[in-house]
Amino acid sequence: MLQCTAVTLLPPDAVLRLTAPGTDGPEDPEPYVLCELGAHDNRQTEHAACLRPGRTPDSPALWFFWTGSGPERAHRAESAPWCPAVLRRLDSGLVRRCALFDHHTAPHSWDVTDPLGDLLAEQLVPDDSPEG
Numbered sequence: 000m001l002q003c004t005a006v007t008l009l010p011p012d013a014v015l016r017l018t019a020p021g022t023d024g025p026e027d028p029e030p031y032v033l034c035e036l037g038a039h040d041n042r043q044t045e046h047a048a049c050l051r052p053g054r055t056p057d058s059p060a061l062w063f064f065w066t067g068s069g070p071e072r073a074h075r076a077e078s079a080p081w082c083p084a085v086l087r088r089l090d091s092g093l094v095r096r097c098a099l100f101d102h103h104t105a106p107h108s109w110d111v112t113d114p115l116g117d118l119l120a121e122q123l124v125p126d127d128s129p130e131g
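Here numbering that gives the first Met the number 0 is used: the first residue of the sequence shown is 0, the next is one more, and so on.
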């Protein structure tokens, strides 16, 4: 499933919370966030973007949730625990945790593809093949 393409501007209070003294957030946060969920019904499901992970891998993360756009947009920022789902590949031994919040309504993160992110990764990672 393709990733949702909803983008929104972070409100000033969310940016202030990210840059408050004592937080482990980025020094210069992006003013826009992209929904990290798989494509979904915008009227039934909130968009969601992770603003800051918790202090430990199991600590809740700070998430930004929103619905609507423009003057009709409603939003909230709150800590949410991580989704407990785990994908185990018996043939390779790979273990992946879902990178979304608990009780998300869209598919798990491993089922979401981001074509733009894949394209950027191709440009950033050098091709070591003899033909490349």
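Ideal Cβ positions, reconstructed from N, Cα and C, are used throughout, including at glycine.
- Shown here, E35 sits in coil according to DSSP, grouped into three states, outside any helix or strand.
- Rounded to the nearest angstrom, the Cβ distance from A79 to P52 is 11 Å, too far for a contact under 8 Å.
- A straight-line Cα-Cα distance of about 26 Å links E121 and D90.
- Comparing C-alpha distances from A38 to each of G92, L9 and H46 shows the shortest one belongs to H46.
- Proximity to C3 across W65, D113 and G69 peaks at D113, based on C-alpha coordinates.
- Cβ-Cβ distances below 6 Å link R96 to V85 in the same chain, with the five nearest sequence neighbours on each side left out; the list follows chain order.
- A residue is called buried when at least 16 other Cβ atoms come within 10 angstroms of its Cβ; H103 meets this threshold and is buried.
- Shown here, E77 sits in a strand according to DSSP, grouped into three states.
- Excluding five sequence positions before and after T66, the CB atoms of its chain that fall closer than 6 Å to its own CB belong to E45 and A73, given in chain order.
- In the structure shown, Q122 adopts helical secondary structure according to DSSP, grouped into three states.
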